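Colleague:
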Amino acid sequence: MKLKSILPVALGALAIGFGASDLRAEPVDDKLIIDGEKEMITRTKAPEGHPFDEVLSGWLFRTPETRAMEADSFQNPAMLYVERGAEIWNTVDGAAGKSCASCHGDAAESMKNVGAHYPKWNAAAGKPYNIELQVNDCRAKNMQAEPYKFDHADQKALVTFIKHQSLGTPMGIDLSQGEMKSWWEKGKDLYYTRTGQLNLACASCHEANAGKYIRADHLSQGNVNGFPTYRLKQANMVSLHNRFRGCIRDTRAEQPKAFSDELMALEVYVTWRGTGLSIETPAVRQ
Amino acid sequence: MRDTCKNGLIGAALLMAVGTSAWAAGPVGPNDVKFEDATVKASLTGQPGDAAAGRKAFADKKLGNCLACHKNSEMSEQLFHGEVGTPLDGVADRWKPEELRAIVVNSKQVFGPDTVMPGFYTLEVGTHVAKNFQGQTILTAQQVEDIVAYLGTLKE
Numbered sequence: 001m002k003l004k005s006i007l008p009v010a011l012g013a014l015a016i017g018f019g020a021s022d023l024r025a026e027p028v029d030d031k032l033i034i035d036g037e038k039e040m041i042t043r044t045k046a047p048e049g050h051p052f053d054e055v056l057s058g059w060l061f062r063t064p065e066t067r068a069m070e071a072d073s074f075q076n077p078a079m080l081y082v083e084r085g086a087e088i089w090n091t092v093d094g095a096a097g098k099s100c101a102s103c104h105g106d107a108a109e110s111m112k113n114v115g116a117h118y119p120k121w122n123a124a125a126g127k128p129y130n131i132e133l134q135v136n137d138c139r140a141k142n143m144q145a146e147p148y149k150f151d152h153a154d155q156k157a158l159v160t161f162i163k164h165q166s167l168g169t170p171m172g173i174d175l176s177q178g179e180m181k182s183w184w185e186k187g188k189d190l191y192y193t194r195t196g197q198l199n200l201a202c203a204s205c206h207e208a209n210a211g212k213y214i215r216a217d218h219l220s221q222g223n224v225n226g227f228p229t230y231r232l233k234q235a236n237m238v239s240l241h242n243r244f245r246g247c248i249r250d251t252r253a254e255q256p257k258a259f260s261d262e263l264m265a266l267e268v269y270v271t272w273r274g275t276g277l278s279i280e281t282p283a284v285r286q
Numbered sequence: 001m002r003d004t005c006k007n008g009l010i011g012a013a014l015l016m017a018v019g020t021s022a023w024a025a026g027p028v029g030p031n032d033v034k035f036e037d038a039t040v041k042a043s044l045t046g047q048p049g050d051a052a053a054g055r056k057a058f059a060d061k062k063l064g065n066c067l068a069c070h071k072n073s074e075m076s077e078q079l080f081h082g083e084v085g086t087p088l089d090g091v092a093d094r095w096k097p098e099e100l101r102a103i104v105v106n107s108k109q110v111f112g113p114d115t116v117m118p119g120f121y122t123l124e125v126g127t128h129v130a131k132n133f134q135g136q137t138i139l140t141a142q143q144v145e146d147i148v149a150y151l152g153t154l155k156e
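Going down the list, the protein sequences come from chains S and L. Under my numbering, the residue at position 180 of the first sequence is numbered 180, and the numbers go up by one with no gaps. Under my numbering, the residue at position 83 of the second sequence is numbered 83, and the numbers go up by one with no gaps.
#1: Based on DSSP bridge pairs, tell me the residues matched to S:M237.
#2: Cβ closer than 8 Å: which chain L residues qualify as neighbours of S:L200?
#3: Note down, in chain order, every chain S residue with its Cβ under 8 Å from the Cβ of L:G82.
#4: Taking only the alpha-carbon atoms, compute the straight-line gap between S:K74 and S:A101 and give it to the nearest angstrom.
#5: Got a sec: is the Cβ-Cβ distance from S:Q345 to anything in chain L below 9 Å?
#6: Would you list, in sequence order, the uninterrupted beta strand (DSSP E) runs of no fewer than 3 residues that lie entirely inside the segment 21 to 54 of chain L?
#7: Grab the span of the alpha helix (DSSP H) containing S:E54 for me, first residue to last.
#8: Since L:Q78 and L:L67 are thought to touch, with beta carbons under 8 Å apart, how far apart are those beta carbons, to the nearest angstrom?
#9: To the nearest angstrom, how far is the alpha carbon of S:E70 from that of S:Q221?
#10: L:V33 CB to nearest chain S CB: under 9 Å?
#11: Would you verify that the beta carbon of S:E185 is, or is not, closer than 9 Å to some beta carbon of chain B?
#12: Please check the pair S:T251 and S:T195, which I expect to be a contact at CB under 8 Å, by giving their CB distance rounded to whole angstroms.
#13: Less than 8 Å between the CB atoms is what I'm expecting for S:A116 and S:I279, so what's the real figure, rounded?
#14: Skipping 5 residues on each side, what residues in its chain have a beta carbon closer than 6 Å to that of S:F227?
#15: Under 9 Å, do S:I131 and S:I162 count as touching if we go by C-beta distance?
#16: Helix, strand or coil for S:N142, going by three-state DSSP, please let me know.
#17: For S:A13, which of helix, strand or coil comes out of DSSP?
#18: Identify which residue in S:Q165, S:V284 and S:V270 has its Cα closest to the Cα of S:G85.
#19: In this structure, does DSSP put S:E39 in helix, strand or coil?
#20: Any idea what DSSP makes of S:D217, helix, strand or coil?
#21: CB of L:D93 to nearest heavy atom of the ligand HEM: below 8 Å?
#22: Taking S:N209 as the query, report the chain L residues whose CB atoms sit under 8 Å from its CB, ordered along the chain.
#23: Our contact map puts S:L266 next to S:Y191 with C-beta atoms below 8 Å; I'd like the distance itself, whole angstroms only.
#24: Would a check of beta-carbon distances place S:T193 closer than 9 Å to chain L?
#25: I'd like to confirm the pairing. Which residues does DSSP put opposite S:A253 in its beta bridges?
#26: Could you give the distance in angstroms between the alpha-carbon of S:S204 and the alpha-carbon of S:E65?
#27: Return yes when the Cβ of L:P27 is within less than 9 Å of the Cβ of L:G46, no when it is not.
#28: At 8 Å on the CB atoms, spell out the chain L contacts of S:E254, in chain order.
#29: For chain L, check one thing: does any of its Cβ atoms lie closer than 9 Å to the Cβ of S:G58?
#30: Just to check my reading of the structure: L:M235 and L:G85 have Cβ atoms closer than 8 Å, yes? What is that Cβ distance to the nearest angstrom?
#31: Only counting runs of 4 or more residues, tell me where the alpha helix (DSSP H) segments fall wholly within the segment 144 to 181 of chain S, in order along the chain.
#32: Grab me the residues of S:G172's own chain with a C-beta within less than 8 Å of its C-beta, minus the 5 sequence neighbours each way, in chain order.
#33: Taking S:V159 as the reference, which of S:E185, S:M237 and S:K181 has the closest Cα?
#34: Taking Cβ positions, are S:E292 and L:H128 nearer each other than 9 Å?
#35: Any beta-carbon of chain L closer than 9 Å to the one on S:C247?
#36: When the Cα of S:W121 is compared with those of S:K112, S:Q134, S:N113 and S:E109, which residue comes out closest?
Structural data, given as structure tokens:
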């Protein structure tokens, strides 16, 4: 940040992306404390069997401006989506005449820490569920409302709101339930499978090259603890499966459908890779 | 009739994609490139490359996109050089043209199967290739030659 003080902002951004190798090579040594009160775990010891010694939040790889935006909830543009999610939570929808609150009451209590432990085995469906699938189940079965289509604005807002009730809670999923272990295995296979014309696996970028720049992007470990995240590039919330699909598209491969078995397996495995990191939803990313 | 049309189209698409070896004077197809001790001796097109065109293809995000992974001081007018691969400054002092050609055609033949560098003129690619890229190489034979010619100018 020495550079920033002597250069205009635009040049500062340039210098960070280009040439200033002391600034760019490693994740920063910085603490994420939301509103000066709530400290997030952005680095932690990796679980057993993990390829890294230390698990790092994507926040550590972002620019000082982006990091500051996430640390201040008044500056964080995604807090608007949390508010919108709260509105939806309390709004009656569907033939049963119910809102989420009709059954779940105050989300600050009923949803506290819930999102940190998803995906979770769903015995009735015989597969892991993420929050999106659980919400759609409640809408269909409990409210007699239409399930949300993938990436509907209300789906993103509601999931952001629910995940935000776990802000600061370490991520951790229960692999002992149902067939979670075999989904984890399948996700691991996919993580190391090279796809597309460019012949790259998730691991080619987020494991072999974490900490390096790929063109203008500082590669992180690709952790999921901030999702849905606010992406400055898109000026919008980005869901996890949207991000997965984008990364796969960039290898010039066919993109699996959102909530397909492939992407659910990846979600299980990649969530495990971030074990112990705080939920940062809504995180701010470039 | 319909079938013939369809086959004709597929045939034409293949010819274009593969930059066929069926035409006597045409470039070597990606499956016919001969590697000898991690080199490709002959020009894929029989023609010398054009370094100026190669410089453009090197930077073009839809073609070589080499800057995504490589720093190249000769292109300092371009912002944001990646650092996944080795900086290419002085690369022509380290590698002969026939080695550079082998690296660009299929880097795995030179660096082994674990390299993250894509193969730019090979059909040995990843799974689930998107429809619009199936059966195609990232670069044409001439673009490979052009880039090899450009790399040949990177001396220190």
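All C-beta atoms, glycine included, are put in the ideal place defined by N, C-alpha and C. Owing to the predicted nature of the structure, the values given are computational and were not obtained by experimental measurement.
Modeller: So, to answer that:
#1: Mapped onto the first sequence, residue 237 of chain S falls at position 237. According to DSSP, S:M237 bridges with S:Y230.
#2: Indexing the first sequence from 1 puts residue 200 of chain S at position 200. Near S:L200 (Cβ distances below 8 Å), the residues of chain L are V116, P118 and G126.
#3: For the purposes of this step, residue 82 of chain L is taken as residue 82 along the second sequence, with counting starting at 1. Ordered by position in chain S, the residues that pass the 8 Å Cβ test against L:G82 are K212, Y213, I214 and R215.
#4: As a first step, residue 74 of chain S is located in the first sequence; it is residue number 74 there, counting from the start. As a first step, residue 101 of chain S is located in the first sequence; it is residue number 101 there, counting from the start. The question names Lys, yet the displayed sequence has Phe at residue 74 of chain S. About 26 Å.
#5: It is not possible to answer for residue 345 of chain S, since the shown part of chain S is limited to 1 through 286.
#6: none
#7: As a first step, residue 54 of chain S is located in the first sequence; it is residue number 54 there, counting from the start. Segment E54 to L56 is the beta strand (DSSP E) holding S:E54; no alpha helix (DSSP H) there.
#8: What you label residue 78 of chain L is simply residue 78 of the second sequence in a count that begins at 1. What you label residue 67 of chain L is simply residue 67 of the second sequence in a count that begins at 1. With a Cβ gap of about 6 Å, L:Q78 and L:L67 count as contacting.
#9: Position 70 of the first sequence holds residue 70 of chain S. Position 221 of the first sequence holds residue 221 of chain S. Distance between the alpha carbons of S:E70 and S:Q221: 18 Å.
#10: Start at 1 with the first residue of the second sequence, and residue 33 of chain L comes out as number 33. Taking Cβ atoms only, chain S never reaches closer than 9 Å to L:V33, which makes this a no.
#11: Absent from the structure is chain B; the protein chains it does hold are S and L.
#12: Residue mapping note: residue 251 of chain S aligns to position 251 of the first sequence, counting from 1. Residue mapping note: residue 195 of chain S aligns to position 195 of the first sequence, counting from 1. Rounded, the Cβ-Cβ distance is 5 Å, consistent with contact.
#13: Working through the first sequence from its first residue, we reach residue 116 of chain S at position 116. Working through the first sequence from its first residue, we reach residue 279 of chain S at position 279. S:A116 to S:I279, Cβ: 5 Å. Contact.
#14: Taking the first residue of the first sequence as 1, we reach residue 227 of chain S at position 227. Answer for S:F227: L240, listed in chain order.
#15: Here residue 131 of chain S corresponds to residue number 131 of the first sequence, with the count starting at 1. Here residue 162 of chain S corresponds to residue number 162 of the first sequence, with the count starting at 1. Their beta carbons are under 9 Å apart, which means S:I131 touches S:I162 by this criterion.
#16: In the first sequence, counting from the first residue as 1, residue 142 of chain S sits at position 142. Of the three classes helix, strand and coil, the one that applies to S:N142 here is helix, per DSSP.
#17: Taking the first residue of the first sequence as 1, we reach residue 13 of chain S at position 13. With a pLDDT of 36 at S:A13, under the threshold of 50, the modelled position of this residue cannot be trusted; read the value that follows with caution. In this structure, S:A13 counts as helix in the three-state DSSP scheme.
#18: Residue mapping note: residue 85 of chain S aligns to position 85 of the first sequence, counting from 1. Among S:Q165, S:V284 and S:V270, the Cα nearest to that of S:G85 is on S:Q165.
#19: What you label residue 39 of chain S is simply residue 39 of the first sequence in a count that begins at 1. The answer is strand: DSSP assigns S:E39 an E or B state.
#20: The residue you call residue 217 of chain S lines up with position 217 of the first sequence. The answer is strand: DSSP assigns S:D217 an E or B state.
#21: In terms of ligand content, the structure shown is empty, and the ligand HEM therefore cannot be addressed.
#22: Looking up residue 209 of chain S in the first sequence gives position 209. Going along chain L in sequence order, the residues near S:N209 (Cβ under 8 Å) are V84 and V116.
#23: Position 266 of the first sequence holds residue 266 of chain S. Position 191 of the first sequence holds residue 191 of chain S. Yes, they are in contact, since the Cβ atoms of S:L266 and S:Y191 sit about 7 Å apart, within 8 Å.
#24: In the first sequence, residue 193 of chain S corresponds to position 193, counting from 1. Closer than 9 Å to some Cβ of chain L, the Cβ of S:T193 qualifies, so yes.
#25: Within the first sequence, the letter at position 253 stands for residue 253 of chain S. Its beta-bridge partners are L:V129.
#26: Residue 204 of chain S sits at position 204 when you count from the first residue of the first sequence. Residue 65 of chain S sits at position 65 when you count from the first residue of the first sequence. Answer to the nearest angstrom: the Cα atoms are 28 Å apart.
#27: Position 46 of the second sequence, counted from the start, is the residue given in the question as residue 46 of chain L. Position 27 of the second sequence, counted from the start, is the residue given in the question as residue 27 of chain L. A contact, by the Cβ cut-off of 9 Å.
#28: Sequence index remark: in the first sequence, residue 254 of chain S carries index 254 (1-based). Simply H128, V129, A130 and K131.
#29: Residue numbering aside, residue 58 of chain S sits at position 58 when the first sequence is read from its first letter. Output row for S:G58: interface = no.
#30: Given a span of 1 to 156 for chain L in the structure shown, any question on residue 235 of chain L remains unanswerable.
#31: Entirely contained in the segment 144 to 181 of chain S, the alpha helix (DSSP H) runs reaching 4 residues are, in chain order, 153 to 164.
#32: As a first step, residue 172 of chain S is located in the first sequence; it is residue number 172 there, counting from the start. Same-chain partners within the cutoff: A116, H117, T275 and G276.
#33: Along the first sequence, one-based indexing puts residue 159 of chain S at 159. Per the Cα distances, S:M237.
#34: What is shown of chain S runs 1 to 286, which leaves residue 292 of chain S out entirely.
#35: Taking the first residue of the first sequence as 1, we reach residue 247 of chain S at position 247. By this cut-off, S:C247 is not an interface position.
#36: For the purposes of this step, residue 121 of chain S is taken as residue 121 along the first sequence, with counting starting at 1. Nearest of S:K112, S:Q134, S:N113 and S:E109 to S:W121, Cα basis: S:Q134.
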